[in-house]
Amino acid sequence: MNRCVLVMLIAGVFSHAVAAEGDGRNLLFDGRFDAEQVAFPEFWSRSNADKVVYQRTGGPEGAGAWVGLRGEGDGTGTVSVRQYDLILVPGETYKISAYVRTKGFASRSAGLIVHNNGWFKADGVRDFPVDSEWTLMEKTFTLFPSTGNQYGVAMYAIDPAGAIDFADVKLEPLTERGQNGSSSPWLSVMGPRLVPLQPRLNQIPSDKPELTLKLFGSLPDCRDMYQSTVRVDEDDAVLQAIAEDGKMVVALSGVTRGDHTLEAVVRHRESGEVYVQARYPISVIDIPVVDRTNIRPLNNLVAELLNRSVEEAAEPQEFSFVSPRNGWVFVALATESPGTDLAVRIDGSEPVITATTDRLEAFRELPIGEHRITIRGNKGTSQLRVHAIPEIFDYPPCANSHVPENGDYGWEFMKKHILYAVTTLNGGRLPGEALPEAKARGLKWLANFNVAPVDDPETVRKRMEQHAGMTEPQYDGFTSDELFFGRASIAAYTKALWGLNNPHNRLVYTWIVGKPSIASVHTDFMSACINASKGRGRLLFEAYCHPQSDESAAAAYLDDHVTEAMRRFNAFLPNAASGTGIIFGNFNQIPIISLEHDPGVDFKYFLDMQVNLIANHPEFAGLATTGYWGTYYGDEELVRWSFKLMRHYAVEGNKDMLSSRYGLKYNPGFLANGDFLDGMDGWDVAPAAEGAIRPATIDGYGKNVQARWGAGRAGDTVCLMTRQNDRPNRISQTAKGLEPGKTYCLQFVTADYDDVVEKKHDPRQYGIDVLLAGVEVLPERSFVHIDRRKNHHRHDPGYLGKVNLHRIVFRARNETQVIAFSDEKAEPGETLAINFVQLKAYVE
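Each position in the sequence shown, counted from 1, maps to that position plus 1 in our numbering.
Okay, here's the thing in structure tokens:
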């Protein structure tokens, strides 16, 4: 068959498929998993490349593609393939179906389901045989409500063993109203596009002036019928070859140094019809040759550039170092007696360190190449260090905890516990002297731009250009909050960002949730984000990690959630790490919002594992940015600990776990069954009457009342105590393995059972208290927080029952300690709940 005819036939089939999927037969885009020249079907997101397999052949009757979920039954977590942002009609009837094959399959929960926005409710096929050949499985159901009428489809298995495979997946509306009101937003964003791959558009080196673009999209006619032309500024258009993989390597050898506009057009040779065109600002620049002889990498994030002893001298002393990239450096002068006229300058600048500078340290952003440090007024013998470091991010500055008992997180707190490991601030506020002091320290401050709604690109662009981060002098730019790889609206944001007018070259950073999976749309988005601000843009990946049951499961989870994201970033866009930020969640504050789901896990250690990962795993080499979102949602200990970690890894360049220096463990093991998942196992129970102490489950309590974010049903299991008239109830457990003289933190959560179940708002201090005989309690760090809020935007407003968060910090005097709880202070007849009983080492 003639190649052009074959391509036209394929295009015709593709057009028919789109039409069919648009008129109500199958609402899923590419439900047959067709994928050419990509590793995985583009309109589907998979959780983990190692646990999700894809084959182009071997489906039902030996033909067709399929996807499969795999596991060893080892606590892998959720393995899934998903499609997002379907617009469906609640109350209408739908049918979901697929051919399914299993082999030795088992799972805690599995399904082929439709879920609502947030996956709070789902319906579909849930029961699968252990072993089966390809079998058509389907479920017809009435659709439940969802915010914005947005839904997703998932094939998933939790902690799977064996194999389960899916082929020919369909979601069909069975009513006329369902057919007319249902759609997939991907249909409107899958047009052709030209995407810049490498180098950055405004960082084209003059010694190798070329730019690689890639053409995405299925050509309606055969490839030979198209030609591409490229022009720079007003020069004549030049024919440009398109490789079989769609790449175009544009030679720019005749282009002068400086800023230019590049236009690329792909059109039909005979009709002249334009298939796709794009315009980009480009810059050809001189990039210094870097002598790396004296650059000593310490870990993925940090390299030592200079480490010299400095003797006392009457005249200024000069030292040189080479910055390996455009980015941040850390400068420190260690001395016991700085002279009063001490002045440390970089390249003749105003002093970055004087005798009054905190810690005699400074952070500064410098261009690639050689730099000079001049020291005047040094007394005695000092040690001068210069490190290349990543950008270190904190959201937000000077914003207090919503649990006020944590204390003041203002500027003085930041100077003491945060600013020794931060370069860039986002959101929050800088009151009074904080702003000029932050600027004097060289810190960047980015405003926060609420990007929603992301519907019309032109509207989004105008809102960005008018935002305070672009117009007000105190800001260095803004962060766009937030985008999702799984939502088609990402295409509108991409178009807005490519068209953004940024005359002062303010920083534009973009928060992103999820992993890239659609080569065309997602590569375009990533390129736009990183090329923003003349190549200084950042893609901020929200690495908000949920603890697992033990350390090995946590390591596997982090590989799936964080490392896999970085693998995909680097695979989709060359050298993506140099424009990416891995931003961790350091929010652990029950009852506001907390990632600390499991009382048996020390979240400090888990957070250490996360930062240790990016400091050591080769996938993160050259990472541009790291840091935290959620500092004001962290308790005071975790906030301090978070920036100890940043100092340890991202400033000092260490590779070892900081936790080992403090004797911390992932599972401390001091107490067992703190959430009463196993009933009353591990507890000594002394009920005041039969049935006065009992385990129970309260649906939604952990998520909606305690705010254990993204934890599923964690926190729903509790111990209930019903106060009797004559005497109180008591439960106790003996903690073992404590170190006398060391400090510990005991936390637990209490609530009124009837208030929670009946959704009644009556906040007060509940009558469960702890008995800790013989310990030294630190009252300035201990408190009972009473949640008095009637509602909160992060919670379901229907859950009005409230909790008390008890926190006792104490110094142990013995290796063992009886920890007992009693409802002596409760009113007779009250039924109170307790859970999240946690004991862990406390870092003072």
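Virtual Cβ for every residue (Gly too), placed ideally from N, Cα, C.
Per-residue DSSP class, three states only, for residue i
i: Gly-25; result: No answer about Gly-25 holds up, because its pLDDT of 41 lies below 50 and its placement is not dependable.
i: Arg-201; result: coil
i: Ile-288; result: coil
i: Tyr-1; result: Residue 1 falls outside the range modelled here, since the chain spans only 2 to 845, and no answer is possible.
i: Asn-3; result: Per-residue confidence for Asn-3 stands at a pLDDT of 37, beneath the threshold of 50, marking its modelled position as unreliable; no derived number is given.
i: Thr-460; result: helix
i: Gln-549; result: coil
i: Ala-469; result: helix
i: Arg-569; result: helix
i: His-618; result: coil
i: Phe-526; result: helix
i: Met-658; result: coil
i: Ile-593; result: coil
i: Gly-149; result: helix
i: Glu-43; result: coil
i: His-116; result: strand
i: Met-191; result: coil
i: Ile-846; result: Only positions 2 to 845 of the chain appear in the structure, and residue 846 is not among them; the question remains open.
i: Gly-703; result: helix
i: Leu-624; result: coil
i: Asp-51; result: coil
i: Arg-360; result: helix
i: Gln-475; result: coil
i: Phe-142; result: strand
i: His-762; result: coil
i: Asp-685; result: strand
i: Asp-482; result: strand
i: Thr-817; result: coil
Bridge-paired residues (DSSP) for residue i
i: Arg-430; result: Paired residue(s): none; Arg-430 is not in a bridge.
i: Met-249; result: Leu-214
i: Met-722; result: Ile-694, Leu-833
i: Phe-677; result: None, per the DSSP bridge assignment.
i: Ile-88; result: Gln-151, Ser-184
i: Asp-35; result: Beta-bridge pairing links Asp-35 to no other residue.
i: His-807; result: Phe-749, Val-785
i: Trp-67; result: Gln-56
i: Ala-344; result: Thr-355, Arg-377
i: Gly-259; result: Val-285
i: Leu-240; result: Thr-230
For residue i, the nearest candidate out of the options (CA to CA)
i: Tyr-85; options: Gly-63, Phe-106, Gly-72, Glu-43; result: Glu-43
i: Ala-314; options: Leu-447, Gly-182, Thr-382; result: Thr-382
i: Gln-56; options: Leu-431, Ala-66, Asn-49; result: Ala-66
i: Ala-529; options: Pro-548, Gly-515, Gln-549, Leu-501; result: Leu-501
i: Gly-74; options: Ala-50, Gly-163, Asp-31; result: Gly-163
i: Gly-32; options: Glu-305, Ala-673, Met-610, Val-154; result: Val-154
i: Ala-1; options: Val-330, Gly-802, His-762, Ser-108; result: The first residue shown for the chain is 2 and the last is 845, placing residue 1 beyond what the model contains.
i: Ser-490; options: Gly-433, His-762, Gln-590, Val-514; result: Val-514
i: Glu-406; options: Asp-603, Glu-781, Phe-837; result: Glu-781
i: Gly-670; options: Val-256, Trp-499, Val-838; result: Val-838
Expected contact under 8 Å - CB spacing of residue i and residue j to nearest Å
i: Ile-769; j: Thr-751; result: 5 Å
i: Met-156; j: Ser-81; result: 7 Å
i: Asp-717; j: Thr-698; result: 5 Å
i: Ala-123; j: Pro-161; result: The Cβ separation is near 17 Å, so there is no contact.
i: Val-285; j: Gly-259; result: 7 Å
i: Val-778; j: Val-706; result: With a Cβ gap of about 27 Å, Val-778 and Val-706 do not count as contacting.
i: Leu-28; j: Pro-174; result: 7 Å
i: Tyr-629; j: Gln-590; result: Incorrect: roughly 13 Å between the Cβ atoms, too far for contact.
i: Phe-749; j: Val-785; result: Rounded, the Cβ-Cβ distance is 10 Å, inconsistent with contact.
CB contact check: residue i to chain D, cutoff 8 Å
i: Met-527; result: Of the protein chains in the structure, only one exists, and it is not chain D.
*Pairing CB atoms from the segment 355-365 with CB atoms from the segment 233-242, are three or more of them under 8 Å?*
Contact fails: fewer than three Cβ-Cβ distances are below 8 Å.
*Taking 8 Å as the threshold, find out whether the segment 287-304 comes into contact with the segment 319-332 through three or more Cβ pairs.*
Short answer: they touch.
*Check whether the segment 176-189 touches the segment 96-105, counting contact only when three or more Cβ pairs, one atom from each stretch, lie closer than 8 Å.*
For the pair of segments examined, the segment 176-189 was found not to touch the segment 96-105: the number of CB pairs separated by less than 8 Å stays below three.
*Tell me, please, whether the segment 503-517 touches the segment 465-477 by the rule of three or more beta-carbon pairs shorter than 8 Å.*
With the rule of 3 Cβ pairs closer than 8 Å, the segment 503-517 counts as touching the segment 465-477.
_Sufficient close CB pairs (3 or more, under 8 Å) joining the segment 251-271 to the segment 614-625_ = No: the two stretches stay apart, fewer than three of their Cβ pairs being nearer than 8 Å.
*With contact counted as at least three CB pairs below 8 Å, one residue from each stretch, are the segment 427-434 and the segment 396-405 in contact?*
Yes, since at least three Cβ pairs between the segment 427-434 and the segment 396-405 fall closer than 8 Å, the two stretches touch.
*Cβ contact check for the segment 558-575 and the segment 667-676: 3 or more pairs under 8 Å*: Verdict: no, contact absent.
*Contact between the segment 515-524 and the segment 186-197: three or more CB pairs below 8 Å?*
A contact exists between the segment 515-524 and the segment 186-197.
_Stretch-stretch touch, CB-based, cutoff 8 Å, three pairs: the segment 596-612 with the segment 549-560_ = Under the 8 Å Cβ criterion, the segment 596-612 counts as touching the segment 549-560, having at least three qualifying pairs.
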